[in-house]
Amino acid sequence: QKEVEQDPGPLSVPEGAIVSLNCTYSNSAFQYFMWYRQYSRKGPELLMYTYSSGNKEDGRFTAQVDKSSKYISLFIRDSQPSDSATYLCAMSSGGYQKVTFGTGTKLQVIP
Amino acid sequence: ETGVTQTPRHLVMGMTNKKSLKCEQHLGHNAMYWYKQSAKKPLELMFVYSLEERVENNSVPSRFSPECPNSSHLFLHLHTLQPEDSALYLCASSPGQSGRYEQYFGPGTRLTVT
Chain A
3 QKEVEQDPGP
13 LSVPEGAIVS
23 LNCTYSNSAF
33 QYFMWYRQYS
43 RKGPELLMYT
53 YSSGNKEDGR
63 FTAQVDKSSK
73 YISLFIRDSQ
83 PSDSATYLCA
93 MSSGGYQKVT
103 FGTGTKLQVI
113 P
Chain B
196 ETGVTQTPRH
206 LVMGMTNKKS
216 LKCEQHLGHN
226 AMYWYKQSAK
236 KPLELMFVYS
246 LEERVENNSV
256 PSRFSPECPN
266 SSHLFLHLHT
276 LQPEDSALYL
286 CASSPGQSGR
296 YEQYFGPGTR
306 LTVT
């Protein structure tokens, strides 16, 4: 079993839709959770960073962590064509311990 | 310059060449990382430096040699590479203190080994 599982997609949604992206993990030591957005041929860009269960909101983005279920989500409201990218979840137990990344979900928002 | 910068952005090299990738972070962070990103695979951590000391080496072949002369600069020296080493090489940095371990990435170097 992989430490982090993420559906690769692709996921296609119409403009304005609410998008839900998810990851599951198996390592209960993970306590820091991140979401990155990566456009084609670019480096990953940090979107959200959280270290506790619950919700964290930033503009149109909401990150949700459920440690009891080992499940994290990223919600995008009012999705835009410019949101079309690959979204990577990442998690760590802290310190300089390895950050484990998901394989990424490719999202396409259709105008 | 802001954030994390990498040069060159694109590199084509033969299997017998020697080249170096450069990374610079302008964020005042304490830790720097090299990652390899290949198609349809998760990011692979190669090296971690904390305050210029290597803290992790993920069993990377010796044809990849990192160098961290100070907390702002990181190099990856390449020699005698194989075609399967063709990938996007990403540099990242993180604050590495006060519970802040999120990583900020540079744009990457697209490497092609012929």
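Protein chains in written order, with the working numbering: chain A, 3 to 113; chain B, 196 to 309.
The beta carbon of each residue, even a glycine, is placed where N, CA and C say it ideally should be.
Predicted model, so just to flag it, every value in this text is computed and none were measured.
Range covered by the beta strand (DSSP E) that runs through residue i
i                           : result
isoleucine 112 of chain A   : 107-112
tyrosine 296 of chain B     : Element bounds for tyrosine 296 of chain B: n/a, residue is neither H nor E.
glutamate 262 of chain B    : 259-265
glutamate 7 of chain A      : 6-8
arginine 305 of chain B     : 304-308
phenylalanine 35 of chain A : 34-40
valine 255 of chain B       : Per DSSP, valine 255 of chain B belongs to no beta strand (DSSP E) and is neither H nor E.
lysine 213 of chain B       : 213-220
asparagine 57 of chain A    : 56-60
glutamate 239 of chain B    : 239-245
asparagine 24 of chain A    : 21-27
Proximal residues of chain A, C-beta to C-beta of residue i below 8 Å
i                        : result
proline 256 of chain B   : The premise fails here: proline 256 of chain B is roughly 18 Å from chain A at the closest Cβ pair, so nothing lies under 8 Å.
glutamine 220 of chain B : Result: empty, since nearest Cβ-Cβ is about 12 Å, beyond 8 Å.
glycine 301 of chain B   : Gly45
leucine 240 of chain B   : Lys100 and Val101
leucine 285 of chain B   : Gly45 and Pro46
Residue nearest to residue i in terms of C-alpha spacing, selected from the options
i                           : options                                   : result
glycine 116 of chain A      : A/Asn29, A/Gly11 and A/Ile78              : Since the first residue shown for chain A is 3 and the last is 113, residue 116 of chain A is missing from the structure and cannot be characterised.
proline 12 of chain A       : A/Val6, A/Met50 and A/Val21               : A/Val21
alanine 92 of chain A       : A/Val15, A/Ala19, A/Pro16 and A/Phe32     : A/Phe32
proline 287 of chain B      : B/Asn212, B/Pro261 and B/Ala226           : The sequence shown places alanine at residue 287 of chain B, rather than the proline named in the question. Measuring from the Cα of alanine 287 of chain B, the nearest candidate turns out to be B/Ala226.
threonine 105 of chain A    : B/Glu239, B/Val199, B/Arg258 and B/Ser281 : B/Glu239
glutamate 219 of chain B    : B/Gln277, B/Pro203 and B/Ser260           : B/Pro203
serine 293 of chain B       : A/Pro113, A/Tyr53 and A/Glu5              : A/Tyr53
serine 28 of chain A        : A/Ser70, A/Lys108, A/Pro10 and A/Thr107   : A/Ser70
phenylalanine 35 of chain A : B/Gly301, B/Pro302 and B/Arg295           : B/Arg295
serine 260 of chain B       : B/Met241, B/Thr304, B/Gly209 and B/Val250 : B/Met241
glutamine 232 of chain B    : B/Tyr284, B/His205 and B/Pro256           : B/Tyr284
valine 308 of chain B       : B/Pro278, B/Glu297, B/Thr197 and B/Gln298 : B/Pro278
proline 10 of chain A       : A/Thr102, A/Val111, A/Thr88 and A/Gly18   : A/Thr88
cysteine 111 of chain A     : A/Ala65, A/Asp68, A/Ser86 and A/Ser95     : Looking at the sequence itself, residue 111 of chain A is valine, so the reference to cysteine does not match. Ranking the options by Cα distance to valine 111 of chain A, first place goes to A/Ser86.
Chain-ordered chain B contacts of residue i [CB-CB under 8 Å]
i                      : result
tyrosine 51 of chain A : Glu297
tyrosine 41 of chain A : Going along chain B, no residue has its Cβ under 8 Å from tyrosine 41 of chain A, so there is no contact; the nearest lies around 10 Å.
Per-residue DSSP class, three states only, for residue i
i                        : result
aspartate 85 of chain A  : helix
aspartate 68 of chain A  : strand
proline 278 of chain B   : helix
glutamate 47 of chain A  : strand
histidine 268 of chain B : strand
alanine 92 of chain A    : strand
aspartate 80 of chain A  : coil
serine 75 of chain A     : strand
lysine 231 of chain B    : strand
Beta-carbon neighbours of residue i, restricted to chain A and to distances below 7 Å
i                      : result
proline 237 of chain B : Phe103, Gly104 and Thr105
Neighbouring residues, chain B, relative to residue i (Cβ below 7 Å)
i                      : result
serine 94 of chain A   : Tyr296
tyrosine 27 of chain A : Within 7 Å Cβ-Cβ: nothing; tyrosine 27 of chain A doesn't reach chain B, min ~12 Å.
Where residue i meets chain B, residues with beta-carbon distance less than 9 Å
i                     : result
leucine 48 of chain A : Glu297, Gln298, Tyr299 and Phe300
With a cut-off of 8 Å, do at least 3 Cβ pairs link the segment 263-271 of chain B to the segment 205-213 of chain B?
-> no
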